[in-house]
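Here the protein sequences come in this chain order: A and B. Quick note: the first sequence uses the numbering used here, first residue 144, plus one each step. Quick note: the second sequence uses the numbering used here, first residue 593, plus one each step. What follows is a set of notes on a single structure, which appears directly below.
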Amino acid sequence: QQQVKQSPQSLIVQKGGISIINCAYENTAFDYFPWYQQFPGKGPALLIAIRPDVSEKKEGRFTISFNKSAKQFSLHIMDSQPGDSATYFCAAMTSGGSYIPTFGRGTSLIVHP
Amino acid sequence: NAGVTQTPKFQVLKTGQSMTLQCAQDMNHEYMSWYRQDPGMGLRLIHYSVGAGITDQGEVPNGYNVSRSTTEDFPLRLLSAAPSQTSVYFCASSYSSHRENTEAFFGQGTRLTVV
């Protein structure tokens, strides 16, 4: 049973466009939702994270939107750049638990120049 | 401060061989974990540890063993390699005494091919 569902599996956008990746979860015990970015040949690295006490968090061109009642959250990349081309993983975890994130299946983003 | 170090980076094994993937972290993190990454499957948890001497199974533990004798090291052992274990393996560590720090730090990965 997949605890964190991520879509789309792949995404192609033009430079300057908006990239949107969606995730949904079932376990209401999750209370910390990080997004990881992975470049080819590298390990994932934390990009941005949110706790469910806020509905939105913005860091530069990256924004997380969170809908607690729908158990959904999404990553928006504004003004997408070719350097943003990477695989993005959403994750969920319980901060009072094992601190081990459960990951979505990933989205391969390609930004064309 | 090297972060999370995995060795080797690449490995080819024959079916039935055993080997150990090494993982070490120098951040004094309590939690360590092993994931495998396969196309279209994301990162799947193999085993994890919440402290020295404590390990537990993740989503896909079969065919793998772990131990945690020190805070720094968390090796992953393949008992009898099978082609289905061809994958990229990532070790991660997380958590410190500061509760707001919940980021998981990943190593660079080990690309394993079983022939």
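Cβ atoms here follow ideal geometry from the backbone N, Cα and C, with glycine treated the same way.
Residues of the same chain with a CB within less than 6 Å of the CB of Q157/A, apart from the 5 flanking positions on each side, are H255 in chain order. For Q180/A, no Cβ of chain B is located within less than 8 Å of the residue's own Cβ. Within the stretch 174-202 of chain A, contact with chain B at the beta-carbon level (separation under 9 Å) is assigned to Y175, P177, Y179, Q181, G184, K185, G186, P187, A188, L189 and A192.
In the structure shown, the three-state DSSP call for S150/A is strand. Within 7 Å of the CB of Y687/B, the CB atoms of chain A belong to Y242, in sequence order along the chain.
Inter-residue distance for D174/A and V197/A is about 11 Å (C-alpha atoms, whole angstroms). For G247/A, the nearest beta carbon of chain B is closer than 8 Å to its own beta carbon.
The secondary-structure analysis by DSSP pairs T599/B across a beta bridge with Q614/B. In the DSSP assignment, D222/A is bridged to no other residue. When the beta-carbon positions are compared, G608/B and A673/B come within less than 8 Å of each other. By the 16-neighbour rule on beta-carbons within 10 angstroms, T702/B is buried. Taking CB atoms only, F209/A has no neighbour in chain B less than 8 Å away. For A229/A, the closest of A213/A, I164/A, S251/A and G184/A by C-alpha to C-alpha distance is S251/A.
Of the candidates M624/B, G632/B, M633/B and R628/B, M624/B places its Cα closest to the Cα of A644/B.
The stretch 659-670 of chain B makes contact with the stretch 611-625 of chain B; the number of CB pairs closer than 8 Å reaches 3 or more.
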